[in-house]
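Residue numbers (the numbering used here), protein chains in the order written: chain A, 3 to 321; chain B, 3 to 321.
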């Protein structure tokens, strides 16, 4: 993934700096589009670490790895997570030994977790490790975990409180959601570099990630935001492209829609990007005193991602 | 690896029980031959754990795994260690991230270490874990780590004291050896099951493993031996088939030979097995008040291993 700075510069933003908040798959796609347009000086990506967990003795950061693999051009294009051309020899043998195999770790992917865990035990910070890994993977843009301190998303369900990956992967999001808690968030500071990036930012883009479990943890760690915020709806036609966001809205008694997403973010929102399929909701979003952009938000290929990134940057330039 | 009990019974030993002490590659070969002849009731294999170490956050037991993989028919026939049909995607990616890659861990092999480490952290004992793994791998014979407590072989060299794998793998046995220390051996008890096996044993076979770093740690943990002991020389024609035993004898000022091995074990030895190439040393070994068997001790294939095992068992029957 090479950046092509200057080619598509939105003329209204010179010396611009954009901070993108990203969760996993959807966030990674828009982040890749942005990285294709903006130079490394113009973009900082802050990634949710609320769904990090320790498993098989490995410190695993699913969203961070998805964003890094995507920007490095190493991501599995079918799944959106994990590595392309992956093999599964380790996890299949763990399974053969009766070990936990519900979280599918590929052989290449395990290297990331092994080396990260080793460095964390040596005392290195997650942000330093991420910086080094990005360098090894040839990523020129800055990708920051939201915090170097662990924050753990806990899902309150009808079956009791579950750690996020337990709910998400092990239980396939089946338990009914009643709420969320971000364990450790009070003591977690934004990563070094995040504050500086936010200070110099012209705008913040909230990527189309799950509002409840991907973006809220970042917002809670960042605490105070005094820059224009533009969010891209992860819900199109009442459904999510991937993941349980729509199901969560429903179970929390809110009809899932782009409007519901805009309402979720209304306290921080300057602009909101809806899919063409949801154009009928544009007026309702505007009533929230939020400016709107209606465009095609599905991102299957790099061209879609780059086009949406360009649309969003132009929208920001017009605010 | 299926056992064929009763086919080759040495008639002089009915209701027999044999305990074999084994290190890595050479020990595993004879252990496999013994397991091919003796039923699970007739054989207990006690394996050196002095070269276990923690690396990349994984608890690695090289000798134990070599013995298990060999008996399971999963061992790499070229190297003698590791798994057959192995892939190396994890370690290559660890290397790509700048992590330590000098200890070559295959993808299938990593599963063993990951799941063992996970279970140890849960509080399971190494012997229980080994029992479960053997069951998963279809091994019917009992393989015991020498102790559930860590014992760490430390190599005193002209460059200072080195942890065993640091000396053996990372430094390719290059530093000059001055002596050995078995850290933790005073507090280490033999594994549950080892005492019972030794109590009922008719004889102990010391497999052709390195006397200094594979067998001595087992002897020091076992402490007291009051059963006939037959050792098979790991040195043939002044050289070792594999590993640094001959180099160690030399550096400690002892000419490496089968005789030197017999002298090393003389306090516990009843019988000694020399290779045909060393038949000229037989009389010198006899002068140590040790009975001798001269035979072909090279074990390239399972047929060699089974034949040597049979020879050794007949020798024991004749003592």
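Idealized CB from N, CA, C, for every residue including glycine.
Unbroken alpha helix (DSSP H) stretches of 4 residues or longer found wholly inside the segment 16-102 of chain B: 27-39, 64-74, 91-98, given in chain order. Under the DSSP assignment, residue 145 of chain B falls in the beta strand (DSSP E) whose first and last residues are 144-147. When Cβ-Cβ separations below 9 Å define contact, residue 212 of chain B makes no contact with chain A.
Neighbours of residue 98 of chain A in chain B, taken as residues at a C-beta separation under 7 Å, are given in chain order as 138.
Within the same chain, and ignoring the five residues on either side of residue 122 of chain A in sequence, the residues whose Cβ sits closer than 6 Å to its Cβ are 61. For residue 305 of chain A, the three-state secondary structure derived from DSSP is helix. The beta-carbon of residue 106 of chain B is placed no less than 9 Å from the nearest beta-carbon of chain A. Taking the C-beta atoms as reference points, residue 190 of chain B is found no nearer than 9 Å to residue 48 of chain B. From the beta-carbon of residue 59 of chain A, the residues of chain B found nearer than 7 Å are 59, 116, 119, 120, 123. Here DSSP, grouped into helix, strand and coil, assigns residue 126 of chain B to coil.
Spanning the alpha carbons of residue 314 of chain B and residue 115 of chain B requires a straight line of approximately 33 Å.
Note on geometry: alpha-carbon atoms of residue 106 of chain B and residue 171 of chain B lie some 9 Å from one another. With 16 or more neighbouring CB atoms inside 10 Å of its own CB, residue 144 of chain B falls in the buried class.
Of the candidates A/301, A/32, A/319, A/287, A/287 places its Cα closest to the Cα of residue 269 of chain A. For residue 81 of chain A, not one C-beta of chain B is nearer than 9 Å to its own C-beta. With respect to the 9 Å criterion, residue 185 of chain B and residue 156 of chain B are classified as neighbours on the basis of their beta carbons. Sequence-distant Cβ neighbours of residue 178 of chain A in its own chain, meaning closer than 7 Å and more than five residues away, are 159, 160, 253. With a cut-off of 8 Å on Cβ pairs, the segment 208-218 of chain A is in contact with the segment 21-35 of chain A, counting three or more such pairs.
Residue 298 of chain A counts as exposed, since fewer than 16 other beta carbons sit within 10 angstroms of its beta carbon. Here the alpha carbons of residue 247 of chain B and residue 174 of chain B stand approximately 13 Å from one another.
Our two residues, residue 71 of chain A and residue 199 of chain A, have alpha carbons roughly 22 Å apart in a direct line. Residue 241 of chain B is bridged by DSSP to B/238. Taking C-alpha positions only, residue 309 of chain B is separated from residue 102 of chain A by approximately 41 Å. Of the other Cβ atoms in all chains shown, fewer than 16 fall within 10 Å of the Cβ of residue 87 of chain B; this residue is therefore exposed. Secondary structure note for residue 277 of chain A: its beta strand (DSSP E) is the uninterrupted segment 273-277. Of the residues B/188, B/162, B/19, B/112, the one whose Cα lies closest to the Cα of residue 180 of chain B is B/162. The residue among A/82, A/77, A/25 with its C-alpha nearest the C-alpha of residue 54 of chain A is A/25.
The CB of residue 270 of chain A never comes closer than 7 Å to any CB in chain B; the least such distance is about 36 Å. The C-beta of residue 92 of chain B comes closer than 9 Å to at least one C-beta of chain A. Secondary structure at residue 292 of chain B: coil, using DSSP grouped into helix, strand and coil.
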